[in-house]
Amino acid sequence: MNIKLLFLRLITPRSRPTTLKDRQQQSNNPAFLLLSSIVFLFSLSLLDTIIGWILLLVICSAIIRCAIFFAYQKHIPTLRTLNLLAILSIVGLAYSAWPLGLLITMVNLLVLACALKLMQVRTQRDVYQLITSLFFLIGCGFIFHQSMAYTLLYALLIFGVIIALGFFHAPQVDFKQQLKRTLILTLQALPIGLLLFFLMPQLPPLWQTPKAKSMETGLADKITPGDIAQLSQSSELAFRATFKNQAPMASERYWRAIVMEDFDGRSWQVHSARKQQRQINQFRRQEFSPVLTGSTIDYDVIAEPTQQNWLFGLDIATPLSLKSQGEIWQSADFLLISQQKLHSKYHYSVRSYTQAISAQTTSEFDRQLSLQTPQQGNPRTQKWISQLRAQYPNDQDLIRVLLTNFTQENFVYTLRPKPMFIDPIDVFLFEERAGFCSHYASAMAYSLRLAGIPARIVAGYQGGELVAKPNQEQYLSVYQYDAHAWVEAWDKQTGWQRIDPTAAVAPERITMGLRQAMLDEGSFLADSPFALAKFTNIALFNNLRLFLADMDYNWSRWVIGFDQQKQQALFKRIVGTLTTQRLALLGLAIVSFIAILLGLFFVPHWLRQKPDPMQEWYMRAVKLIESHIGARPSWQGPQDFDNHVNKKLPPTVSQTFADITELYVQIKYRASNDIQSIDSGRRQSLKSIKNAVKRLKKQLKGLPHHKLP
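Residue 76 is where the sequence shown starts when you use the working numbering, and the numbers rise one by one after that.
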């Protein structure tokens with residue numbers, strides 16, 4: 076019974092006192108049209124995150140508000156309807172968003188709340204709640220998108236929310252005037268915002284971003300020959316690397332991301348035993364320490380969000396800065412793994428020992444993982460390798476023969492390989508002889524394992540577009556179409572060695588990039604006809620592409636990547652050696668500068684708006700009288716209102732108010748050329764009117780109050 080009463084109370088609409096004027100103001104107020112557009116545009120910006128039916132609900136709420144604004148609809152949905160819709164939406168959200176993780180669920184809940192609130196807005200409090208929720212929701216958008224384009228979009232949406240707030244309080248003001256006023260306020264706040272951004276302490280996050288199970292992008296921890304070929308049709312940015320000195324040659328840009336040791340005859344994936352070992356080592360805080368020798372390359376990486384933990388680095392990569400060392404974990408297969416999944420752009424510093432891969436040792440655990448082969452499948456390959464092994468007992472000779480086979484048997488490098496479902500290694504080696512890098516790497520690693528040579532597949536990226544400008548650090552842009560797979564094999568004499576059969580079949584893919592390798596086939600970005608990367612031969616489009624890439628690079632590095640280390644470097648440039656005294660003086664200077672700016676903004680306005688003391692005390696007397704005889708009509712002047720009071724109140728009270736009116740009129744409207752006498756008379760009259768108002772307040776005590784409508 077209690078549950079039934081609670082449900083009836085929930086769906087029963089509560090009365091809210093709104094006047095006809097309020098309802099007309101709401102229906103014609105441009106603020107609601109603007110807020111509807113903002114909710115809709117923000118939802119579109121998170122199209123891959125917002126659940127489809129919630130986006131449909133956002134569209135419906137925007138249509139309802141537009142229909143009311145343009146008088147196609149006269150009434151907003153009733154509270155009972157909205158309450159039932161809210162209950163159904165919460166149930167639907169719990170069912171459909173639960174597998175997506177806490178972060179995605181909460182963002183969808185916020186969007187859902189804004190859509191329902193937009194349909195339900197009736198009072199000023201509702202408007203304030205909607206605007207506050209929108210500010211918070213737009214801030215959540217930066218979790219998913221931090222590029223310059225999205226930052227501009229979200230800045231415009233915030234600007235639109237402020238304009239909507241202005242329209243709500245002053246709907247009669249035209250759009251041009253409202254825009255001008257908001258723009259002035261924004262420009263006044265901009266210097267303070269920039270100061271706070273650059274000079275406020277860049278503290279680490281107080282809590283971690285909740286784990287989300289949204290769609291992963293880029294490389295996955297399981298690949299089937301042909302998967303990377305599909306990924307190569309994407310021109311999305313994977314990461315950028317800025318080099319301290321000279322960037323490595325194109326043939327040396329092998330960006331390691333994932334090592335796969337488990338092969339089931341068709342697909343390669345990260346071995347479950349390897350995952351378990353990592354978890355145990357991370358729990359015990361036993362981090363792998365490789366043997367580091369030879370020359371080094373220092374660089375910074377800005378990785379795009381992938382919803383994964385894999386990071387990218389040249390062999391063998393180690394975290395360089397203190398921040399990176401605290402946030403990145405090294406595994407025994409020479410990978411860099413972030414402690415938290417990359418939900419947004421991630422900046423880290425790396426030092427790579429380019430010649431140290433062969434100096435590493437291997438354990439029996441690594442050896443066993445790198446020798447496992449399925450017992451069934453690919454019989455022709457098994458027979459062929461058995462024969463080759465008998466002829467070439469030396470590991471290096473066998474590797475050389477396998478690579479020679481790729482070059483002499485007319486193998487083709489293609490982005491359009493045919494599907495190979497049954498015995499894919501046999502079909503690739505002896506029938507099709509056409510495939511992408513993952514086909515060659517899979518066939519090579521499997522063949523080496525059959526011959527008793529430990530081997531594994533490394534998935535990552537190869538190459539990248541180098542940008543080198545005078546007096547500027549070189550940076551490399553690596554895109555999804557640069558995804559690549561190669562093989563690592565173990566030899567007792569030479570240690571781990573990189574073997575890339577793709578380099579034997581299509582050397583131009585390694586030295587010149589995928590675009591040049593696919594010129595004859597014409598398959599480069601065939602699924603992305605409007606990608607700017609396809610039009611590098613057209614100077615206008617190529618210059619535009621490079622300009623946009625350069626802007627995004629600088630934005631990511633200097634704004635998104637502005638961390639505590641860069642802030643300390645900025646402080647050193649300003650004050651020199653960082654001491655407590657100098658930092659305190661810098662903080663005091665910042666606070667003083669902000670105070671001066673605020674003073675320049677608000678003090679003139681306060682001076683203009685400062686009320687006249689005589690006017691203020693007279694209005695106090697009027698308010699006291701109104702509480703007993705009713706509101707004073709707007710057309711009545713001081714003398715007319717005094718005559719009206721004389722008829723309504725006792726003589727003692729009316730006489731006191733008459734004295735107040737006389738003093739007020741005498742000072743307010745008296746003409747005199749003697750400024751000194753005006754000031755003297757004003758001071759004396761102000762003192763008299765204060766005493767008279769106090770006396771009036773005492774005289775009115777005990778008199779009946781008038782009930783104001």
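A virtual CB, placed ideally from N, CA and C, is assigned to each residue, including glycine.
A313 sits in a strand when the DSSP states are folded into three classes. 7 angstroms or more divides the Cβ of R315 from the Cβ of Y515.
CA-CA distance, M694 to H719, rounds to 16 angstroms. Under the three-state reduction of DSSP output, D715 falls in the helix class. A residue is called buried once 16 or more other Cβ atoms fall within 10 Å of its Cβ, and F211, having fewer, is exposed. With a cutoff of 7 angstroms on beta-carbon distance, A696 and V768 are scored as near each other.
In the structure shown, the three-state DSSP call for H703 is helix. Residue pairing for S413: DSSP places it in a beta bridge opposite I403. The residue from G235, L205, I218 with its alpha-carbon nearest to that of K420 is I218.
I460 and L525 have their C-alpha atoms some 7 angstroms from each other. Beta-bridge annotation (DSSP): M335 is paired with I532. By the criterion of a C-beta distance shorter than 8 angstroms, R657 is surrounded in its chain by V650, G651, once the five residues flanking it on both sides are discounted. In the three-state DSSP reduction, Y428 falls in the strand class (E or B).
Take the alpha-carbon of G268 and the one of A659: they are about 20 angstroms apart. Under the three-pair Cβ rule at 8 angstroms, the region 391-402 does not count as touching the region 539-552. Apart from the 5 residues on each side of it in sequence, S120 sits with its Cβ closer than 8 angstroms to the Cβ of G216, H220, Y225, L228, Y229 in its chain, given in chain order.
Look at S222 here: in three-state DSSP terms it is coil, with no helix or strand label. Fully enclosed beta strand (DSSP E) runs of no fewer than 3 residues occupy 371-378, 392-394 of the region 360-396, in order along the chain. At least 7 angstroms separates the beta-carbon of P529 from that of G510. Remark: three or more beta-carbon pairs, one from each stretch, lie closer than 8 angstroms, so the region 124-139 and the region 183-192 are flagged as touching. Non-local C-beta neighbours of D575 in its own chain, meaning closer than 6 angstroms and more than five positions away in sequence, comprise W561, ordered along the chain. Between the C-alpha atoms of T489 and Q537 there is a straight-line separation of about 16 angstroms.
A contact is defined here as three or more CB-CB pairs under 8 angstroms, and the region 345-361 meets this definition with respect to the region 438-451. Within the region 151-190, the complete alpha helix (DSSP H) segments at least 4 residues long are 154-172, listed from N- to C-terminus. Secondary structure within the region 229-283: the alpha helix (DSSP H) runs of 4 or more consecutive residues, fully enclosed, are 250-274 (chain order). Per the coordinates, the alpha-carbon of N766 lies some 42 angstroms from the alpha-carbon of I669.
DSSP, reduced to helix, strand and coil, places W692 within a helical segment of the structure shown. About 13 angstroms separates the beta carbons of I179 and A169, which is beyond the 8 angstroms limit, so they are not a contact pair. D441: member of the alpha helix (DSSP H) spanning 439-444, first to last residue. Taking the C-beta atoms as reference points, S427 is found no nearer than 7 angstroms to N384.
Only buried fits E379, as 16 or more other CB atoms lie within 10 angstroms of its CB. Note on P300: 16 or more other CB atoms within 10 angstroms of its CB, so buried under the neighbour-count rule.
For G597, no beta strand (DSSP E) segment is defined, and its DSSP state is neither H nor E. In the three-state scheme derived from DSSP, where H, G and I count as helix and E and B as strand, I298 is classed as strand. Taking a cut-off of 8 angstroms for Cβ pairs, the region 136-147 and the region 106-121 touch, as three or more such pairs fall below it.
With 16 or more other Cβ atoms inside 10 Å of its own Cβ, A407 counts as buried.
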